[in-house]
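Below is one structure; the comments refer to it alone.
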Amino acid sequence: MHFGLERIPSLSRSGVGRAEELRSDHDALRAGWAGALLLYVDRTGRFRATAEGALDFAEPSSAEPEPGAVFMGTRDGRHVWAARRPALSGDLADLMSVGAALSDDDAGLVTGAVAVLGWHDRARYSALDGSETEPSLSGWSRISATSGHEEFPRTDPAVICLVHDGADRVLLARQPTWPQRRFSVLAGFVEAGESLEACVAREIAEEVGVTVHDIRYLGSQPWPFPRSVMIAFAAVGDPSQPLRFQDGEIAEAAWFTRDEVRRALGSGDWASSADAPLLLPGSISIARVMLESWASESVAD
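Okay, so the sequence shown: first residue is 182 according to this note's numbering, each after it adds one.
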């Protein structure tokens with residue numbers, strides 16, 4: 182049984198051109214600043230949003246681009262910048278609460294803004310020599326004031342895999358910190374010198390003791406909490422293999438039927454107060470898209 186993702190994950194959508202060629206064009210950036218759109222994000226990842234679920238941009242109040250602001254690209258002929266604000270007022274939202282409801286343009290902008298601003302918060306000192314760094318390239322790099330060493334925003338790759346039996350069952354797991362009845366597909370970070378496929382096999386074996394085969398790529402989604410990209414796969418496992426939780430990351434795992442997953446998807450998600458026996462991830466996550474896509478198939482497909 183082969184299936185693919187039936188929709189683009191919420192945070193993978195983007196209709197905004199990043200206009201990388203303008204990042205070092207200071208004259209063009211100054212010329213576009215007066216009519217720019219500013220997206221402010223606080224340190225908890227919240228931003229202003231309208232009642233209709235759209236980003237609520239600010240307009241420049243200075244003659245030059247703000248110190249620390251990041252050039253995000255162009256939208257409808259206007260430059261878009263993102264900047265950190267310690268505190269914001271008004272109607273605030275975050276990606277977890279409104280990510281799925283945002284337009285493609287808004288989703289791409291705010292996902293990128295949360296990711297790159299979070300990187301700036303953690304990259305004030307050089308990883309090479311510990312010296313202070315300063316923003317460069319319109320916010321897309323930082324340079325050591327001492328050595329001149331340049332660093333770029335970091336993304337940590339993680340695999341996420343839907344393990345099924347090739348027929349009508351899927352393997353789901355619960356982490357120790359999650360409440361009872363909350364389950365998802367398996368995931369883990371890619372180690373140094375490791376291929377994505379090797380990571381899938383290793384993580385599943387380490388977490389639940391199952392050997393998988395027929396590993397297939399499905400899609401990907403940025404996950405800026407704080408700086409990951411989730412790379413989705415499907416793989417086939419044998420339900421007769423005993424489940425063994427070897428690395429302490431899994432508290433409980435079980436095989437669920439397609440009908441059980443369908444009922445759970447219809448009952449809401451992790452945020453739901455429904456007294457359902459199985460609660461699955463919310464619509465913002467690629468895990469939800471993977472489960473929806475698998476559940477919509479039939480065994481004969």
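Ideal Cβ placement from N, Cα and C applies to all residues, glycine included.
Predicted, not measured: the structure shown is a model, and the values here were computed from it.
Residues of its chain near residue i, where Cβ-Cβ distance is below 8 Å and the 5 sequence neighbours each way are ignored
i    : result
I396 : C342, E378, V381, A382, F414, A415, A416
E245 : R211, W214
A339 : A368, G369, F370, V371, W404, S409, V410, M411, I412
A452 : G463
A235 : L283, S284, D287
R259 : G213, G216, A217, L218
D310 : S325, T327, S328, H330
R443 : A476
S193 : G400, S401, Q402, P403, I467
M277 : G463, I465
R266 : Y221, V222, D223
N- and C-terminal bounds of the alpha helix (DSSP H) containing residue i
i    : result
A445 : 439-447
A382 : 377-389
A230 : Note, A230: premise wrong, no alpha helix (DSSP H); not H, not E.
E134 : Residue 134 falls outside the range modelled here, since the chain spans only 182 to 482, and no answer is possible.
V470 : 467-477
A457 : Here A457 belongs to no alpha helix (DSSP H), and DSSP marks it neither H nor E.
D208 : 207-214
Chain-order list of residues whose beta-carbon lies under 6 Å from that of residue i (same chain, five-residue window excluded)
i    : result
A200 : G254, T255
V391 : I385, G418, Q422
P241 : W214, A217
P190 : Q402, I467, V470
G186 : The question names Gly, but residue 186 in the sequence shown is Leu. Answer for L186: L399, G400, V470, S474, listed in chain order.
F333 : S322
F184 : S474, W475, E478
Member of the options whose CA lies at the smallest distance from the CA of residue i
i    : options                : result
V222 : G198, D275, A232       : D275
S466 : G258, D257, A476, S401 : S401
H301 : D310, S376, S242, S317 : S317
I431 : R323, W359, E202       : W359
V251 : I324, G293, G374, G258 : G293
S319 : S191, R265, D206       : D206
A308 : A296, H330, G299, V297 : H330
S376 : R362, Q361, F238, Y398 : Y398
F228 : V295, A326, S328, L424 : V295
V261 : L203, G374, F406, W436 : L203
S195 : L290, E433, V279       : L290
F406 : R224, D440, Y306       : R224
F426 : A445, Q361, P357       : P357
F238 : W436, R335, S270       : S270
L352 : L424, G226, G249, S243 : L424
Opening and closing residue of the beta strand (DSSP E) in which residue i lies
i    : result
D395 : 393-404
L219 : 218-222
A354 : 350-355
V366 : No beta strand (DSSP E) contains V366, which DSSP labels as neither H nor E.
H345 : 337-345
I412 : 409-418
Cβ pair residue i, residue j closer than 8 Å
i    : j    : result
E473 : D428 : no
A268 : L220 : no
D287 : A232 : no
V366 : A468 : yes
D337 : P420 : no
V279 : A230 : yes
V393 : V344 : yes
S328 : S312 : yes
E433 : A354 : yes
R303 : T314 : no
Neighbourhood of residue i by C-beta, 7 Å cutoff - its chain only, sequence neighbours within 5 removed
i    : result
T438 : D349, R350
E247 : A264
G299 : P405, P407, R408
A209 : L203
R363 : R355, W451, L460
R127 : Limits of the chain in this structure are 182 at one end and 482 at the other, which puts residue 127 out of reach.
E441 : L459
Quiz prompt | Unbroken stretches of the beta strand (DSSP E), 3 residues or longer, contained in the segment 239-299 | solution = 251-256, 259-265
Exercise. Taking only runs that begin and end inside the segment 297-330, name each unbroken beta strand (DSSP E) of 3 or more residues, in chain order.
Key: 314-317, 322-325
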